[in-house]
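Report on the structure given below.
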Amino acid sequence: MAIVSRKVSDLSNQDGADHEFATVVVRQHPELDQPKALDVLASEVEAFKEIGDLVVLEVSLPTGHTKNIAMKLADFNKLAPNMGEVLKNARGTRGRLPGTRIGNGG
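With the working numbering as the guide, the letters of the sequence shown map in order to residues 65 to 170.
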């Protein structure tokens, strides 16, 4: 008796060799409460169409709730008349706030 192992696509149920597969992680979907990984044939990845220029935002609300938002770049840029300047002057997420100085207080 022999044990045969095969890998099949989660999308099409077609089998293939390990080197023919890609992993697609679904990070956000209305029916999911956590990310899920799909094994798909590399040729099937072409069916995933990109929307175009997207801006991905992480919004932290005062309630402590955090959510991710993906929106079109053109729509994001409409939120402020000078969005390029707003982004240029925005504080970074790492390190000190702009204008803070380190010293010994003297």
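Glycine included, C-beta positions come from ideal geometry on N, C-alpha and C.
Which of helix, strand or coil does DSSP assign to residue i?
{"i": "Ser73", "result": "coil"}
{"i": "Ala86", "result": "strand"}
{"i": "Ala134", "result": "strand"}
{"i": "Leu125", "result": "coil"}
{"i": "Leu96", "result": "coil"}
{"i": "Val104", "result": "strand"}
Are the CB atoms of residue i and residue j nearer to each other than 8 Å?
{"i": "Val120", "j": "Ser73", "result": "no"}
{"i": "Leu172", "j": "Glu108", "result": "Because the chain here runs from 65 to 170, residue 172 falls outside it and cannot be looked at."}
{"i": "Asn141", "j": "Met147", "result": "yes"}
Which residues in the same chain have their Cβ closer than 8 Å to the Cβ of residue i, if we skip the five residues on either side of it in sequence?
{"i": "Gln78", "result": "Val72 and Leu105"}
Report all residues from its chain with a CB closer than 6 Å to the CB of residue i; omit the five preceding and five following residues, and keep chain order.
{"i": "Leu137", "result": "Asp117 and Val119"}
{"i": "Val89", "result": "Pro99 and Ala101"}
Quick check on the burial criterion: 16 or more other C-beta atoms within 10 angstroms. Buried or exposed for residue i?
{"i": "Phe85", "result": "buried"}
Quick one: what's got a C-beta closer than 7 Å to residue i's C-beta in the same chain, skipping five residues either side?
{"i": "Arg70", "result": "Asp79"}
{"i": "Asp139", "result": "none"}
{"i": "Val150", "result": "Ala144"}
Taking residue i and residue j to be in contact with their CB atoms under 8 Å, please state how far apart those CB atoms are, rounded to whole angstroms.
{"i": "Gln92", "j": "Asn153", "result": "Not confirmed; about 29 Å, so no contact."}
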